[in-house]
Every structure is written in structure tokens, then in C-alpha cells.
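Report on one structure; see the data block that follows.
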Amino acid sequence: MTLFNLGAREAGQYAEPVTLADLAEQGEACSVVLESGDDVAALKPYLNRLELVVLRFPIFRDGRGFTQARELREYLRYSGEIRVEGHVLPDQADFLKRCGVESVVLPEGSDVGRWERQLKRYSVSFQRSVLPEKALDVGTRVAR
Amino acid sequence: MKRAVRVGAGEGLVITANRLLDGAIVWLSADHTWQTAIQRAEVLVPEAVVERIEGVQSRAQADGVVGIYEIAVRPEVGGPVPVTMRERIRAFGPTVHPQFAYEQQEGAGA
Amino acid sequence: MTTAIGQYQYDQVDRDFLAARIEEFSEQVARRLDGSLTEDEFKPLRLMNGLYLQLHAYMLRVAVPYGTLNAAQVRAFADVARRYDRGYGHFTTRQNIQFNWIRLEDTPDILRLLADVDMHALQTSGNCIRNVTSDEFAGAAADELVDPRVHAEILRQWSTLHPEFTFLPRKFKIAISGSPNDRVAARFHDIGVIARPGDDGRVVFQIFVGGGLGRTPIVGQELYDSVPEERLLATLEAIIRVYNAHGRRDNIYKARIKILVQALGIAAYREEVEAELAQMDIARYRLSPEMVASIEARFAAPDLQVPAGAADILAEQRARDWVFDRWVRSNTHAHRSEGHIIAVVSLKTPGEIPGDVTADQLDRLAGLSERFAYGELRTTHLQNVVFGHVRQDQLYDLWRGLVEVGLGAPNVGLIGDIVACPGLDYCALANARSIPIAQKLGARFADMTLQEQIGALQINISGCINACGHHHAGHIGLLGVDKRGEEFFQMTLGGRADDQAAVGKILGPALPEDDTVDAIARIVDRYLQERSGKESFLETLKRVGEAPFKEAAYDTV
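Residue numbers (this note's numbering), protein chains in the order written: chain A, 1 to 144; chain B, 1001 to 1110; chain C, 2001 to 2557.
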């Protein structure tokens, strides 16, 4: 498995993530894996000890993970690592990053170059994101 | 895309797809190549279809075709004629633009 | 001639973005061809770029943001039609244009050609926020309260490559209008927005949610009566975030937001939205007056100078030429500015394909717009084209220019103004052909005197339950169904898409094509017998109920 960093922060090494259900019982667990149907609000009681949240994409078309990531950053002010695993495409790299995801578990044989290229593709975006992006001008566009 | 195919008395099946590069409709011929004219399609009995589709499915990327499936046809003198309106339109062209109709005689290869 | 018109003018940032987006798509095509993307992976990616694989070829749907075009853009469509299609373009029921005979390998070149005139095919398909539609009379209609195009452009930009909402459960359509007379079918959209001036002079928005046609036609419900402009984006984000998290993904037929709104109820949906808004960093989503002004500054208004006596000249020409006069009666709309008029070009010439235009006609439309309409055109969700600002003393010359290329049909809003999807002749999803029955109905009611006598009567035809022909919203709706490989049509009566939006009711069993045409002729005859005074078809239907029409429809079958 390859870990790809979407942003500046290096992906960390953590113990095997536990499921949301096991998080309450395993008081020492600092990493959790969420399925796409899980509600991130359930992580509220554990935010102090969480260092890694893994969002699992069952298929790249299931976009719930984007909302989960944004809610983690925006609603819960979670500042630890958000990692994505499962079926994702390099075409989604920038979307993931702008929703607050920091690392991606790439399947064997992935072309890392495609992921890197996708992150550099655009010099403008048309809406604010959870990243500290600067407004391009007085309008709604942001510089990348 | 895949619809249940009913095969009535006197009817057979042919295998069809779209070409990846231009979307053109193609038909599987007896020599296992994809042809643009339905007249070149091989008419199969239902029992032969599953295996044949599995075979061409595994080569779809190399052959440059997408959306492989089978349709019911009536064998007629000029060649197989699809049973449903949808497939007749695929075989012979849109009904609303006569100038866009596909050639009814032996067509060129894919 | 004024060059700047009622659409957002691109700058270099916008152009560089489009170029990068085309490069991305071009790489995706290459990856599909070399096998590194499977068809299942490529399909959603190409759809987000407006590219479908239809029955005979690829189809490219090009976005016409809020239905506004300039002459150069229309000429580019003609160019695409000639070089890459078979000489035609087809205007859709969402104000876009599509080309039916496209090759995958040509698509990047076509997109570059379109980008040269600031056009794209972004988000005209796929499970993302689709091209935002608006009022075809925006900035021109006498009844307008707010010009909706500035906010439509803001929504276009905001929804472009939205990081969170590009892989929604299903497609998501937004329409915005600034007139109390809803011309955008706001209540049949996932989100419908009606703008009006608020008490403090800033715009406020009435927001409908959960409307839609398709398999489960539902009239949208009001979520908010007056959302302040500053909170427009925050509110839309909250609505769609609830949908993205909770919309069904297990069943494609139950995946639209309307199903979620129905399941929760509008009050509970509102609570969910409020819960999101309460947690959101509202400042980040704030749409400030300065932001709006900066977008508005990229629009230009036409310089509506008109010589004295323009109205008299028009009146004189109408009196002299009764054919022109008839066209003016059906195909024009009141303009807010004295001496001007709005002209609607019918793309429903009897016997032709609804919404189809040839490359030559496109060129002519472009030329006429430059001579008579400040270089601007609009598309309508009823598959027609509009010249927004025409001097009344020049309307006659405009009309003659249209007639020369077969675009003078005087039937806008009448029974001949039929809306139809491409149907089984082109569409991979269709169950029945929509075009031939539209052509037969067009021929059956070709007599213009009869059409005028019948008055306002909208026929909508869809070739399958996905309802691209908006059949549920037609006064008479036709839905094509497949009965063992043969085409049948189910009739609905009483649908409408305006501020009294309603879903048409199924009249009875589906009939074969020719029987359907006959049945509609009998329904219309019955209406002419039953009508009282100047009642419209809908008014008569409301008064007498569907029974007489049902009786007429199934009379001899």
C-alpha cells in the first residue's frame, strides 16, 4: 500500500483504526474508520484522543465522504489527519483535498504522477473550501 | 441498458455493442469481429449466447467496444431484422432523418 | 452595435480555467482509450463534461448558462454542427444545445473550439449540480422584479467543480427566476429560486425544494419565503449537504432530493437544514454586496435607444401584412422599455423536429441577433430561441429574416409549439419515439387559424419515464411506453409548470401512436365544444373535469 499526501503534512503512522462502534469500548484507540453511511457527529465525544479518521469509499461515485470530511473540519474543528481509502480516482484528488482530506491509501499499481498532476491542475476555484485559500479578487473565486 | 431478451418462435439472437472511439453501432460476425452492418451479424441460438458474450467481453478493451449485449432478431432474406423498434432504429438509423439511415446492403467492416 | 450583453464576460482567469478543464478531460479520454480507466469509471467523468453514449454515437450537450448566448457562440455551434455533427444542433428542455453525432476522439477539439467563445459542456450531465437555468425574458420582460442572471452566474460559478457536491446521489437541477410569473418551472426543480426585491432594497429569495418530474413527479415545496442575499450560498450548501449525506444511493429511481424531502417531510427537512446552518462557518459562505457587484460589473446592459415613432411603425406594418401581424400576436412579449419588444423564434415548424436547428439557421440567428438584438440570444426550456431586445421599428425586418430560413412559425404558446425529447430515435434510455408523433401532431394542427382558435395549449412529449420532454408539466402530456417492442403513448391532462404548478393526471390506457394523435384531436374538438367564452384549455378542464375528455379520447377505440 502507498500513502499519498494531498497537502503539506506527512501522513502519520497509527495503530490499526477501529470501527465507530468499537471506539467507545477501546478507550485507548486514537484512530477510527468510518463507513460512508456513518455520521461524523458520533465522533464528538472522542475528538480529544483522535489522531486519524479514515473515510472508506465503497465506490468512487459515493460522495458522502466529501461531506463527512467537510463536517469533520468545519463542524467538529477536527485538526487531526483525515485519510481516505477504498475506491477513489486520481480525478478526485483536488475535491478530497479541498474537503479537508490529507492522505489517500492508493491501491497497488497506482500512478502517483496522476494524483500529483491533478493537485496542480487548477489555479482557481469558484467557491470557498475548508482550506485557507485567498480570495482572488472581490468576487467569489479563490486563488490556489 | 441490458433488457430481458425474449426469443419467440423463428427468432434468433445477435450480439451488438457500440464502438468506443466514435460510438458507432457494431454487430458481432461469425468470425468474431465487430461489423457496422447488421447484415454481417451472426445469428445465434440462445444457448450459444452467454459463452460468446463472455468471450468478447474479455476482449472489449482491445477490440475497442463498449456495452455488449444481445438482441432478438428475425432472420429475413436481406439479413437479420431486430424484433424491437429500439433495435431496428439502431440497425437501420433514426426514422426521422431518412438521410441518416444506415446502408441496407453489405456494409463496410468495423 | 453594443457588443457586451446579458451574460458574464470572461476574463483570463476564466479562460485559463476552461483550458485546464479541457486538458483534464483530454487526459481522461486518453486513459479510457489505453484502458487505465474502465467504462464504469469513465462514464461519470465524461458525463460531467456533457458527453453521453447514445444509440448511434456520442452526444455532446453544451451548456448555455441561464440560456444566454452571443452571436459568436451561436456561430461556434454552427461550426460544430458542420464539422463534427451532421449539420444539426438540438435545443433541449434545459436551455442547452446538444449534438447527436459526435465522436469521442473529436470531443477535446470540439471543447477547445467552444472555449474560444467562452463556452463549455461542464456539468450538463452527471450526478452533480447541473447548468443553472433561468428566465428567457430576463432583463427584458415588463413583469420582471429582479434580473436573475447575475445570481444565476453566481450559482454557475459556485457550483463549478464544487469539491463536496460533484458525486451526489443523483443529478441536481437549479432554476432561478426574477418574475412573479414563473417561466422557469421553479417548482419542478430540485431547487427553484424566485428572486424579488426585499424591504431593504437587497434581493431576497423564495426557495422551493424537492420538485421534479421523472418517475415520481412532485411539485416542489417552499422551504423558505425570503432568504437574504448574503445567505443564499450558505442556504444552498446546507440544503445540498443534507441531501448528499442522506439521499438514497441504493436505488437510482429514489435517489433524487424530492424522494428525501417526501420521506422526511418539508418541516423536518427544514430542521435538518437549520441544523447545518447552525454549525456552518457562515462568514465563509457569505455572499457580500461587493461580491455580487463584482459579478454584476461583468454584465452589460444594452443601450436601449429607440427612434420616436417606433411603435407607430410597427403598428403600420402589422396593419399592412396580416401574416406578420399573426406572428406578432403569438411570438412576441411585452418589453419593459418603450419602443422595444421581445421576439420568440419558434423551433417548431410543422413537420420538423422540435428544437432542431440546422447550421445555416444557426448562422442566420447569429446574424439577425447582431443586426436587430444587440448581438444577444436566449434559449428557452420550451425549446425555442428568444431575441430579448428588439426595436419595434425593426421587428418586421427581423421577422422577414427568420421566414427566409424557415423559422417563421407563428405558433409560440399554441398547440403547435410542442416540446419533445429526442426519444428513441437517438436516446439510449427511451422506450418510444417522441419526434414522429410530434411531427404528426404538428401536421394535424398545422392550420394556423385553428391553432389561434384553440389558444394556449402546451403539448409535452417524453419518450420514457425520465421525462426530459416534461410531459407531466404539459397541459396535454404524452409519455411513450414500450409494450412488447411496440410504442404506445400514455396521455396526461392538466399539467402546468408555472406558479400554479401541477402534475398532469393520467387519462386512461396507453394508445398506439396514430390512435393517440386521433384521441388528441378529439380532446381538442371536445374542448372547443365545451369551452365557455374565451376560456383556455386548462380553464375548461378545471371547470368541467376530465370526464368529457376521457370520453372523447376513448370514444372510438
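Where is the CB? At the ideal position from N, CA and C, for every residue including glycine.
As the structure is a computational prediction, the values presented were derived from the model and not from experiment.
Inter-residue Cα distance where the pair is A:Leu96 and C:Leu2541: Computed Cα separation, rounded: 53 angstroms.
Chain-order list of residues whose beta-carbon lies under 7 angstroms from that of C:Leu2420 (same chain, five-residue window excluded): Leu is not the amino acid found at residue 2420 of chain C; the sequence shown has Ala there. Pro2354, Ser2434, Ile2435, Ala2438, Ile2461, Gly2469.
Beta-carbon proximity check, C:Ile2342 vs C:Ala2140, cutoff 8 angstroms: Contact: yes.
Helix, strand or coil at C:Gln2095 according to DSSP, with G and I counted as helix: coil
Any C-beta of chain C under 8 angstroms from that of B:Gly1023: yes
Short CB-CB distance (under 8 angstroms) between A:Val33 and chain C: False, the Cβ-Cβ gap to chain C never drops below 8 angstroms.
7 angstroms Cβ cut-off: residues of chain C touching B:Arg1086: Per Cβ cutoff of 7 angstroms: Leu2424.
Sufficient close CB pairs (3 or more, under 8 angstroms) joining the region 93–107 of chain A to the region 2–18 of chain A: A contact exists between the region 93–107 of chain A and the region 2–18 of chain A.
Limits of the unbroken beta strand (DSSP E) element including C:His2389: 2385–2391
C:Gly2035 at chain B interface by Cβ criterion, 8 angstroms: yes
Any 3 or more C-beta pairs closer than 8 angstroms across the region 2269–2289 of chain C and the region 2300–2311 of chain C: no
Unbroken beta strand (DSSP E) run spanning C:Arg2156, endpoints: Note, C:Arg2156: premise wrong, no beta strand (DSSP E); alpha helix (DSSP H) at 2149–2159.
Segment contact, 8 angstroms Cβ cut-off, at least three pairs: the region 2107–2116 of chain C with the region 2131–2149 of chain C: Contact between the region 2107–2116 of chain C and the region 2131–2149 of chain C is absent, because fewer than three Cβ pairs lie under 8 angstroms.
Selected residue, minimal CA-CA separation from C:Ala2078, among C:Arg2364, C:Leu2424, C:Leu2368: C:Arg2364
Residue-level contact to chain C via CB, A:Tyr46, 8 angstroms cutoff: no
C-alpha gap between B:Trp1034 and B:Pro1082, whole angstroms: 17 angstroms
Among C:Ser2125, C:Gly2067, C:Tyr2008, nearest to C:Arg2061 - alpha-carbon criterion: C:Ser2125
Simplified DSSP state of A:Val104, which is helix, strand or coil: strand
Beta carbon proximity, A:Gly12 to chain C, threshold 8 angstroms: no
The beta strand (DSSP E) enclosing A:Glu85, as first and last residue numbers: 81–86
Buried/exposed call for B:Val1050, threshold 16 Cβ in 10 Å: exposed
Rounded straight-line distance, which links the Cα of A:Pro90 to that of C:Glu2164: 16 angstroms
Unbroken alpha helix (DSSP H) run spanning B:Ile1015, endpoints: Note, B:Ile1015: premise wrong, no alpha helix (DSSP H); beta strand (DSSP E) at 1012–1019.
Min CB distance C:Arg2433 to chain E below 8 angstroms: Absent from the structure: chain E. Protein chains present are A, B and C.
B:Glu1087, enclosing beta strand (DSSP E) - first and last residue: B:Glu1087 -> not in any beta strand (DSSP E); alpha helix (DSSP H) instead, spanning 1085–1092.
Of the residues A:Asp62, A:Glu71, A:His87, the one placed nearest A:Ala42, counting alpha carbons only: A:Glu71
Where A:Phe57 sits in the DSSP three-state scheme: strand
Minimum Cβ-Cβ distance from C:Arg2086 to chain B less than 8 angstroms: yes
Cβ pair count under 8 angstroms reaching 3, the region 2211–2223 of chain C against the region 2239–2258 of chain C: Yes: the two stretches touch, three or more of their Cβ pairs being nearer than 8 angstroms.
Between the CA atoms of C:Leu2511 and A:Val112 - distance to the nearest angstrom: Cα to Cα, the separation comes out at about 57 angstroms.
Sequence-distant residues of the same chain with beta carbon closer than 7 angstroms to B:Ile1068, five excluded per side: Ile1015, Ala1017, Ile1053, Val1056, Gln1057, Ala1060
8 angstroms Cβ cutoff met for C:Gly2508 and C:Phe2137: no
As assigned by DSSP and simplified to three states, the class of C:Met2491: strand
Extent of the continuous alpha helix (DSSP H) to which C:Phe2017 belongs: 2012–2034
Beta strand (DSSP E) runs contained entirely in the region 1022–1076 of chain B, provided each spans 3 or more residues: 1025–1028, 1065–1076
Assigned secondary structure, B:His1097 (DSSP; H/G/I helix, E/B strand, else coil): coil
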